[in-house]
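Scroll down for the structure; my scribbles are underneath it.
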Amino acid sequence: MQQKKPSFPCHSSHDNRPIGVFDSGLGGLTTFKELRRLFPREDIVYFGDTGRVPYGTKSREIIRRYARQDVEFLLQHQVKMVIAACGTVSANISPDFAGSIPVPFTGVVGHACAAACAATRRGHIGVAATPATIRSAAYEKELKALSPQIKVSSIPCGLFVPLVENGFIQRDDPITRLTVERYLAPMRSSGVDVLILGCTHYPLLADIIGEFMGPEVTLIDSGKAAAEYARQFLTEQGMLAAPDKGPGENRFFVSDSIEGFSEVAEIFLGETIRGEVRQVSVG
Ligand code: DGL
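Mind the numbering: the sequence shown is residues 27 to 309 in my numbering, read in order.
Have a look at this one:
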């Protein structure tokens, strides 16, 4: 279950509370960037669990515990919706997770799968994600539920997150190019025509991955798909910020030192960081 409608009727047609977004680290900033583009007036609170990244190599039990703590932190900021901008969390939370949160919640898996099913022509979809996400088979199950005849090929790409977190994202970076080739060569020869970037860090490697897979293969950005869902959901529920509210404000929280955060975050966002940046402890 990836999302939850409010369990109480919505009486106002506007809601100025912030949107809460979290990820294990900085990868969710790719989703934040998309949200900011779609929602210029919304306030956004972002939490990156940089002190405990990566999640993708951890057990399901640990990922669930961290996800619970991340959500509790965002709820302290009176958010109106929580977005798990993390494929690993989205793939590993329990089925009752969304229902246990007092505000609407969404992950990225369902939305990415819907976008992939809409994009495929040959009916063969690839999934590249963290080891914990691939182990969960969440993308595969969701794709088969949406379209039982679809063929799915999955590959865990454990080195992509550290490469991104360390800023090895330039198109001509030889280490990243070689790593992409090593992981994705079997995927390319398998004949997929759509590749889901099932981890929100991976859009930072989209140029290299896209060049390697070739123009025939459509890349699906899982975080972007979730941001588009959030726009539709908040609009339908009358939960967007009021039209006369000023420009959206950002607050960034991380669980490790903020030293260097702005530099790396600016690479992710492609622009200067605007807003407060603070280190907090969770759990
Ligand atoms: N951005 C996270 C995801 O989407 C990265 C996972 C990790 O921390 O390993 O899966």
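Beta carbons are placed, not taken as given, at the ideal position from N, Cα and C, and that holds for glycine.
These figures come from a predicted structure and were not determined experimentally.
Report the rounded CA-to-CA distance for residue i versus residue j, giving the unit in angstroms.
i: ARG314; j: LYS250; result: A question about residue 314 goes unanswered here, because the residues of the chain that appear run from 27 up to 309.
i: GLY309; j: THR202; result: 34 Å
i: GLY51; j: GLU242; result: 31 Å
i: MET330; j: PHE259; result: Limits of the chain in this structure are 27 at one end and 309 at the other, which puts residue 330 out of reach.
i: ARG147; j: GLY217; result: 11 Å
i: TYR72; j: GLY46; result: 6 Å
i: ILE293; j: GLY193; result: 8 Å
i: ASP69; j: GLY274; result: 4 Å
i: ALA163; j: ILE88; result: 17 Å
i: LYS106; j: LEU204; result: 42 Å
i: PRO269; j: LEU245; result: 34 Å
i: ILE235; j: GLN95; result: 33 Å
i: ILE176; j: GLY113; result: 21 Å
i: ARG214; j: MET239; result: 6 Å
i: ALA93; j: VAL115; result: 6 Å
i: ALA140; j: GLU285; result: 38 Å
i: ALA145; j: ARG277; result: 34 Å
i: LEU210; j: ARG257; result: 32 Å
i: ALA25; j: LYS84; result: Residue 25 lies beyond the range of the chain shown here (27 to 309); nothing can be said about it.
i: LEU221; j: VAL178; result: 10 Å
When we look at the beta-carbon of residue i and count the other beta-carbons within 10 Å, is it buried (16 or more) or exposed?
i: HIS137; result: buried
i: SER180; result: buried
i: HIS40; result: exposed
i: PHE34; result: At PHE34 the pLDDT is 41, less than 50, meaning the model places this residue with poor confidence; the figure from the coordinates comes in the next sentence. Per the 10 Å Cβ criterion, exposed.
i: LEU61; result: buried
i: ALA267; result: buried
i: PRO121; result: exposed
i: PRO128; result: exposed
i: SER248; result: buried
i: VAL79; result: buried
i: THR298; result: exposed
i: SER307; result: exposed
i: GLU191; result: buried
i: PRO200; result: exposed
i: GLY224; result: buried
i: ASP125; result: The sequence given here places Gly at residue 125; Asp does not occur at that position. So GLY125 ends up on the exposed side.
i: ALA291; result: buried
i: SER281; result: buried
i: ASN168; result: Rather than Asn, the amino acid found at residue 168 in this sequence is Glu. When all chains shown are included, GLU168 counts as buried.
i: PRO130; result: buried
i: ARG197; result: exposed
Is residue i close to the ligand DGL? I mean its beta-carbon at under 7 Å from any heavy atom of the ligand.
i: HIS227; result: yes
i: VAL47; result: no
i: CYS112; result: yes
i: SER120; result: no
i: VAL129; result: no
i: TYR72; result: no
i: TYR81; result: yes
i: VAL187; result: yes
i: GLY274; result: no
i: GLY133; result: no
i: GLY53; result: yes
i: THR205; result: no
i: SER50; result: yes
i: THR159; result: yes
Does the beta-carbon of residue i, which I'm using as the reference point, lie nearer than 7 Å to any heavy atom of the ligand GTP?
i: THR156; result: By its list of ligands, the structure shown excludes the ligand GTP, since it contains just the ligand DGL.
task: Quick one: which unbroken alpha helix (DSSP H) runs of 4-plus residues sit fully inside the stretch 142-182? Chain order, please.
output: 157-162, 164-172
message: To test your reading of the DSSP string, which unbroken beta strand (DSSP E) runs of 3 or more residues are found completely within the stretch 204-271?
response: Taken in chain order, the unbroken stretches of beta strand (DSSP E) that lie wholly in the stretch 204-271 and span 3 residues or more are 220-223, 244-247.
task: Tell me the start and end of each unbroken alpha helix (DSSP H) in the stretch 50-79 that is at least 4 residues and wholly inside, in chain order.
output: Counting only runs of 4 or more, we get 55-64.
query: Can you list, in chain order, the stretches of the alpha helix (DSSP H) that have 4 or more residues and sit fully within the stretch 74-125?
result: 86-101, 113-118
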